[in-house]
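*Asks:*
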Amino acid sequence: MVTKEKESIKKKVYPRHTEKIMKGNYAAAEAAKLCRTGFIPAYPITPQTTIVEQLSDMTARGEMDAGYINMDSEHSVFAAAMGAALGGERVFTATAGQGLFYAHEVLHAIAHFRLPMVVCNVGRPSIPWNIWSDQSDSLSQRDTGWVQLYGESSQEVLDTIIMSYILAEKLDIPVMVVLDAFYQSHTSENVWIPDQDLVDEFLPAKKRKGNEIDGESPKSYGGLVPPEHYGKFNYSFWKAINKVEDLVTEIGQEFEDKFGRSYGPVETVNIGPETKMVFVTVSSITSTVRGVIKKYPEIGLIKLRLVKPFPKKSFLKAIEPLNDDVKLIVTERNFMGDNEGALMQELKRALYGERNLKMYDFYVGLGGKDIPPVTIEKVIHRARTNPKDVNWIGF
Amino acid sequence: MLEIRGHARGGQGMVTAFEILAKVFSHLGDYYVQSFPAFGVERTGAPIQAFIRVAKKEIQNRSNVYNPHLIVVFDETLFDQVPVFDGLRENGTLLVNTEKDISDHVPEGVNVYKVPATKISLELGLGSKSLPIVNAAMMGAIMKLLDADIEIAKEIIKANVPSKPEANAQSAEIAYNNVLGLDGNEKFLLENLNKLDDDIEKEFKPEDLEYDEKILDGFDFPVWSDPLDVNKTGNWRVLTPEYVTKEPPCTNNCPAGTDVRGFVKLAAEGKFEEAFDLIYEHNPFPSVCGRVCPHFCEQNCNRNDFGGALNIGSIERFVGDQVIGKKIDKAKIKYDEKIAVVGSGPAGLTAALRLVEKGYDVTVFEALPQAGGMMRTGIPKFRLPDDVLDDEIDKIIKKGVKLVLNKKVSVKELEKDFDAVVSAVGSHIGYNMKVSNSELVEEGIDFLRSFKLNGQNAGIKKGDEIAIIGGGNTAIDVARTVLRLGAVPTIYYRRTENEMPAIHIEVEEALAEGVKIKFLTNLTDIQKGADGRLQLEMIKYKLGEADDSGRKTPIPIEGSEYMLEADKVFAAIGQTYDNYVFSGETIRAKQGKTPFEAKIPVFSAGDMAWGGTVTEAIGSGNKVAEEVNAYLRHQPYSHDEHVSEVILPSDLNEVYYLPTPRIDNEIYHAKDFYNDFTEVMKPLTSEQIVNEGHRCLSCGECFTCGNCFNFCPDAAISYDENGRLRINYDYCKGCGICVEECPSSAIDFKLIVKN
Chain A
1 MVTKEKESIK KKVYPRHTEK IMKGNYAAAE AAKLCRTGFI PAYPITPQTT
51 IVEQLSDMTA RGEMDAGYIN MDSEHSVFAA AMGAALGGER VFTATAGQGL
101 FYAHEVLHAI AHFRLPMVVC NVGRPSIPWN IWSDQSDSLS QRDTGWVQLY
151 GESSQEVLDT IIMSYILAEK LDIPVMVVLD AFYQSHTSEN VWIPDQDLVD
201 EFLPAKKRKG NEIDGESPKS YGGLVPPEHY GKFNYSFWKA INKVEDLVTE
251 IGQEFEDKFG RSYGPVETVN IGPETKMVFV TVSSITSTVR GVIKKYPEIG
301 LIKLRLVKPF PKKSFLKAIE PLNDDVKLIV TERNFMGDNE GALMQELKRA
351 LYGERNLKMY DFYVGLGGKD IPPVTIEKVI HRARTNPKDV NWIGF
Chain B
1001 MLEIRGHARG GQGMVTAFEI LAKVFSHLGD YYVQSFPAFG VERTGAPIQA
1051 FIRVAKKEIQ NRSNVYNPHL IVVFDETLFD QVPVFDGLRE NGTLLVNTEK
1101 DISDHVPEGV NVYKVPATKI SLELGLGSKS LPIVNAAMMG AIMKLLDADI
1151 EIAKEIIKAN VPSKPEANAQ SAEIAYNNVL GLDGNEKFLL ENLNKLDDDI
1201 EKEFKPEDLE YDEKILDGFD FPVWSDPLDV NKTGNWRVLT PEYVTKEPPC
1251 TNNCPAGTDV RGFVKLAAEG KFEEAFDLIY EHNPFPSVCG RVCPHFCEQN
1301 CNRNDFGGAL NIGSIERFVG DQVIGKKIDK AKIKYDEKIA VVGSGPAGLT
1351 AALRLVEKGY DVTVFEALPQ AGGMMRTGIP KFRLPDDVLD DEIDKIIKKG
1401 VKLVLNKKVS VKELEKDFDA VVSAVGSHIG YNMKVSNSEL VEEGIDFLRS
1451 FKLNGQNAGI KKGDEIAIIG GGNTAIDVAR TVLRLGAVPT IYYRRTENEM
1501 PAIHIEVEEA LAEGVKIKFL TNLTDIQKGA DGRLQLEMIK YKLGEADDSG
1551 RKTPIPIEGS EYMLEADKVF AAIGQTYDNY VFSGETIRAK QGKTPFEAKI
1601 PVFSAGDMAW GGTVTEAIGS GNKVAEEVNA YLRHQPYSHD EHVSEVILPS
1651 DLNEVYYLPT PRIDNEIYHA KDFYNDFTEV MKPLTSEQIV NEGHRCLSCG
1701 ECFTCGNCFN FCPDAAISYD ENGRLRINYD YCKGCGICVE ECPSSAIDFK
1751 LIVKN
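Just so you know, the sequences run in chain order A and B.
The first sequence: position 367 = 367 (the numbering used here), numbered continuously.
To convert a position in the second sequence, counted from 1, into the numbering used here, add 1000.
Printed below as a string of structure tokens:
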């Protein structure tokens, strides 16, 4: 009979929260509302559309006090976001795949105008035409200057958006929070929604810093910067971006104190001196890997939440207990037109001169290809027997 | 952990139902839940899947459900379309919406539960018969299998369905109480629901990995001219496109039934003889009709507002003229019955030809010394040269029709020697003017006949002023003929140009040649003056309300009378038939079998029975031949009217046609038409005919333009070995782009009714 269980394993209950069954996209929209974002420029694209639809509903119903504009393209969406952020608004929007590619030019501008904002990207690839889950879109924007955080569940997406506004507004750098298409965006699951006043206590209203557009104090934006000064702006950005990893750790701890859920730049599972093999994952594949490796006491997992800038310090700390003969299994749901996927590129850069572990790259789940437990089993088998530097599994 | 996989059709509400179910589970028992559809392109009616996982601890699997404990099928027709039982676990369970015996579809060892969800939902007004929305009922049934509290489930359903909360909750409850097949085996589901350890779904086999690594090659370019075989989009299809041939307005309008689109196409390909043969199936007078028909085919041509109607008349004329002197094989007589046809006009000759083709012995009797009826006697040479007519009659004679000239006959006189008579005597007797001294008015139709047959010019001299009363083709032909005899003709017509029954182009040509027309005027009185000239009293008219035929009634204006002089007056106000054929009895002759007392059956056709143009007479002749044959062969005869859907301009996609202008005929114009009977309308050249033929829009017929081939996003359309376009329904997802982009409305889009 389906009844309230008296079982020993009870779901954790979070005070000042309400439990709901919610899709990842709705959790993202809910987070934007809880963060009291004041401006949302929007353009629909699968699989992101239900985020901006939900925000449109919430603003129309008066549940949110935000300006909402349907734009004519994603390029315009990001341009409008940039304008509103220059005006000092707390801005949110969402896009996916081609939409993000189209906005590429403005992504650079937003980052280097030092505009804090949070944007959700629901990953899908470009050509061959495909609407399904893939991280090639966001990972190909690694060099635009945006911070990138990836969530594993609807809950994590919601929580990460809240934390990201603190991060963005502290450093004046924009943050992209990435969901997996469908496996998160369209999957209904248990989500704890924090009360508004709890979020308000954690995330205060956006403060004006004096460099915003202000009719009383006119300024010039976007003027030509000659060579004598250009690099100095980059230097300032460099200093700020180098603070991201520590700040993510710090905000994660503050968040845990307040909300009861813990997040850092990376998360580790079963890492110790006995570990022989370690999966490196981002996003929803992590859940399935967690399930499979329970059978294998010698296999561990490192989940990357912060992908850009790469959390080198946290990662090195995570692998500290590992012996040198451990195999790192890097899963890639992206194709960057190079031998190795984006995560392996980042990882090798981070480990250079630090540790000399065996590293194997595994392309899995491209273009939404399902990654059932058996695919993870195949990866494990290949990693144990004749792995190549780069492997393609489960297509 | 319990895993459920659902199979439904898009629009049945399964995805919503599974989301609500997740909420129900979460509410009822503190479960962790995951509910999601198989992500794809979900079209109404297409097969879809959705999944639920419910567990007592965090779910550590974010992939599709491959090994469900429970399979839920929303639509029994899916058994034939989708492998619904794939991966079902041992002791697995099926819940299906059906009232039928489905045991043939179910593998051994599966626990089957049935629920009549469609019936329950329709009775509560949820969805339609073609797409019942059964989701709440299915939720109720699932609740039963899991022994859940239906009252709580009903509340959650009410709060979460997009519409009709009460009906949905009620359907869930009825379904809950009407699950068939309960036998205690449901425990299997409950046990798994509350089990804490996961079992990995599918066992890993190393050979599967090797297979994975082998199948990667061969995908170089994401471009394909054949369908992408990995994506069989055909099962998304709800509406199905299909190549069809529909009736174009030209063919539909032709009284003779000619396949106009067909012969125009052949002419455009330069296949003039084939075009002739196609015309000849319905019309043995293409050269004549190409010249003198009002071209009903052109009147509703969809090119009308797009460069002008196709010049079909000239194409027909050209095709007919191309085969002058064509060799004709005599038809074999295979029946004993002999048939007499009275009258050698277009109706009589057509009927005779068709009956000869069918195998009868047919004799045509003609009162005059030359055959052709009104084509011979009523249409002047400058519109229809004699040799053209001679040749088309000659072809009919060659086929085996016997022709007896100078023999005026009645049905009675034929009773002895024949088994059936077709009366097609035409309308050669002009109506008299109802004025005093009407003997001073001559009949226009008689004048045209005497002039053509005998060259009698009725004493008309150069410079004579001649009044012609009437507005039809006879009036115009008389005026243009007397003009060529040097006279000065004026037509008086009591209505306006809009109401004139004459062919418009003929009116224009007459005016250009110098014929004057006075509208809203009629003759009221006529006297012979002392000088021998005629004194005419005319009266002015105005137009009143439209009559039954739609033409406005002319009303004389009192006191508007005025006088004028003329040397001659012709009446051309309509004709009737010569009732000698019925021995002087006035029979209201209608098309086909005629109620005239005789020893042999009598049929009527042509002008005396039906329309007033050559082409209508031909159509009448075709029909009467069918009826005579059916009568003699004791077969049923049904008169088949055009009722099919005709292509309108709005059915076409004009984007794909250029507004090419109509190629018109040059008109012969002389400074002085005195004694000049040259044919007025010049023919088009062979090149012009081909070009004009290419202007045809091919309304309602595929002309293999390839638009559908180009636009089909799934490459489901291809050319077959004969160059025709074909749809591969394995890949056609029913998007309808081909239907939209077809220029000529030659693809239909139909709902496939399932089972």
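The C-beta atom is built at its ideal place from N, Cα and C for all residues, glycine as well.
Looking at C-alpha atoms only, which residue of B:Lys1338, B:Val1362 and B:Met1500 is the closest neighbour of Lys1398 of chain B?
*Replies:* B:Val1362
*Asks:* Chain A partners of Tyr1729 of chain B, CB-CB under 8 Å?
*Replies:* By Cβ distance, chain A contributes nothing, its closest Cβ being about 22 Å from Tyr1729 of chain B, past 8 Å.
*Asks:* Please go through the same chain and pick out, in chain order, the residues whose beta-carbon is closer than 7 Å to the beta-carbon of Val106 of chain A, but skip the five residues on each side of it.
*Replies:* His75, Phe78, Ala79 and Met82
*Asks:* Confirm, please, whether the CB-CB distance from Gly1345 of chain B to Glu1316 of chain B is below 9 Å.
*Replies:* no
*Asks:* Between the stretch 1330 to 1338 of chain B and the stretch 1724 to 1733 of chain B, do three or more beta carbon pairs fall short of 8 Å?
*Replies:* Touching, no.
*Asks:* I'd like the list of long-range same chain contacts for Phe279 of chain A, defined as Cβ closer than 6 Å, with 5 residues on each side in sequence excluded.
*Replies:* Counting only Cβ-Cβ distances below 6 Å, and skipping sequence neighbours, we find Val289, Leu301 and Ile329.
*Asks:* Just checking: is the beta-carbon of Glu1064 of chain B within a distance shorter than 9 Å of some beta-carbon in chain A?
*Replies:* It is worth fixing the name first, because residue 1064 of chain B is Asn in this sequence and not Glu. It does; some Cβ of chain A falls within 9 Å.
*Asks:* Can you list the residues of chain A that Pro1206 of chain B reaches, using a CB-CB cut of under 7 Å?
*Replies:* Result: His381.
*Asks:* Please report the straight-line C-alpha distance between Phe1188 of chain B and Ala1715 of chain B, rounded to a whole angstrom.
*Replies:* 47 Å
*Asks:* Give a yes or no on whether the C-beta atoms belonging to Val410 of chain A and Gly24 of chain A are separated by under 9 Å.
*Replies:* With chain A covering only 1 through 395, there is no way to say anything about residue 410 of chain A.
*Asks:* If you count every other CB in all the chains shown that lies within 10 Å of the CB of Asp1217 of chain B, and 16 or more means buried, which is it?
*Replies:* exposed
*Asks:* So is Ser8 of chain A buried or exposed if we call it buried at 16+ other beta carbons inside 10 Å?
*Replies:* Below a pLDDT of 50, predicted positions are generally treated as unreliable, and Ser8 of chain A, at 43, falls in that range; the measurement from the model is reported next regardless. Label assigned to Ser8 of chain A: exposed.
*Asks:* Taking the alpha carbon of Glu1076 of chain B as the reference point, which residue from B:Pro1068, B:Phe1036 and B:Asp1104 has its own alpha carbon closest?
*Replies:* B:Asp1104
*Asks:* Which residues bound the alpha helix (DSSP H) around Asp1391 of chain B?
*Replies:* Counting along the chain, the alpha helix (DSSP H) containing Asp1391 of chain B begins and ends at Asp1386 to Lys1398.
*Asks:* Let's see if you can read the secondary structure: which residues bound the beta strand (DSSP E) around Trp238 of chain A?
*Replies:* Run containing Trp238 of chain A: none in the beta strand (DSSP E); it sits in the alpha helix (DSSP H), Pro227 to Ile241.
*Asks:* Name, please, each residue of chain A whose Cβ falls closer than 8 Å to the Cβ of Val1033 of chain B.
*Replies:* Ile21, Ser188, Glu189 and Asn190
*Asks:* Using only the alpha-carbon positions, how far apart do Ser1718 of chain B and Gly97 of chain A sit?
*Replies:* 32 Å
*Asks:* Quick one: list the residues of chain A neighbouring His1095 of chain B, beta-carbon separation under 9 Å, in chain order.
*Replies:* Sequence check: residue 1095 of chain B is Leu here, not His. Within chain A, no residue comes near Leu1095 of chain B; the closest Cβ sits about 16 Å away, beyond 9 Å.
*Asks:* So, is Glu1366 of chain B buried or exposed, given that buried needs 16 or more other C-beta atoms within 10 angstroms?
*Replies:* buried
*Asks:* For the alpha helix (DSSP H) holding Cys1301 of chain B, just list the boundary residues, first then last.
*Replies:* No alpha helix (DSSP H) contains Cys1301 of chain B, which DSSP labels as neither H nor E.
*Asks:* Can the beta-carbon of Ala240 of chain A be found closer than 9 Å to that of Arg114 of chain A?
*Replies:* yes
*Asks:* Figure out for me which residue from B:Gly1514, B:Asn1160 and B:Tyr1280 has the closest Cα to the Cα of Lys1671 of chain B.
*Replies:* B:Gly1514
*Asks:* Inspect the beta-carbon positions of Ala1046 of chain B and Trp1236 of chain B and report whether they are closer than 9 Å.
*Replies:* Yes, the Cβ-Cβ distance between Ala1046 of chain B and Trp1236 of chain B is below 9 Å.
*Asks:* For a minimum of 3 consecutive residues, which ranges assigned as the beta strand (DSSP E) are wholly contained in the stretch 1543 to 1624 of chain B?
*Replies:* 1552 to 1556, 1562 to 1566, 1568 to 1571 and 1602 to 1604
*Asks:* Pick helix, strand or coil for Tyr1335 of chain B, following the three-state DSSP scheme.
*Replies:* coil
*Asks:* So Met82 of chain A is in the alpha helix (DSSP H); what residue range does that whole segment cover?
*Replies:* Glu74 to Leu86
*Asks:* Quick check: is the beta carbon of Glu5 of chain A nearer than 9 Å to any beta carbon in chain B?
*Replies:* Here the model assigns Glu5 of chain A a pLDDT of 47, short of 50, so the residue's position is not dependable, and the following value carries that caveat. Output row for Glu5 of chain A: interface = yes.
*Asks:* Taking 8 Å as the limit between beta carbons, can you name the residues of its chain near Lys1682 of chain B, skipping five residues before and five after?
*Replies:* Asn1665, Glu1666, Ile1667 and Tyr1668
*Asks:* Are the beta-carbon atoms of Glu1565 of chain B and Leu1523 of chain B separated by less than 9 Å?
*Replies:* no
*Asks:* With contact counted as at least three CB pairs below 8 Å, one residue from each stretch, are the stretch 1735 to 1748 of chain B and the stretch 1701 to 1715 of chain B in contact?
*Replies:* yes
*Asks:* How long is the line joining the alpha carbons of Thr1704 of chain B and Ile1120 of chain B, rounded to whole angstroms?
*Replies:* The straight-line gap from Cα to Cα measures roughly 49 Å.
*Asks:* Give the interface partners of Tyr183 of chain A over in chain B, defined as CB-CB distance under 7 Å, in chain order.
*Replies:* Arg1062
*Asks:* Roughly how many angstroms lie between the CA atoms of Leu1751 of chain B and Thr1240 of chain B, to the nearest whole one?
*Replies:* 6 Å
*Asks:* Which class does His1027 of chain B belong to by DSSP, given the choice of helix, strand or coil?
*Replies:* Under the three-state reduction of DSSP, His1027 of chain B is assigned to helix.
*Asks:* Alpha carbon to alpha carbon, how far is Arg1005 of chain B from Ile1142 of chain B?
*Replies:* 12 Å
*Asks:* Which partner residues of Asn1111 of chain B appear in the DSSP bridge assignment?
*Replies:* B:Thr1093
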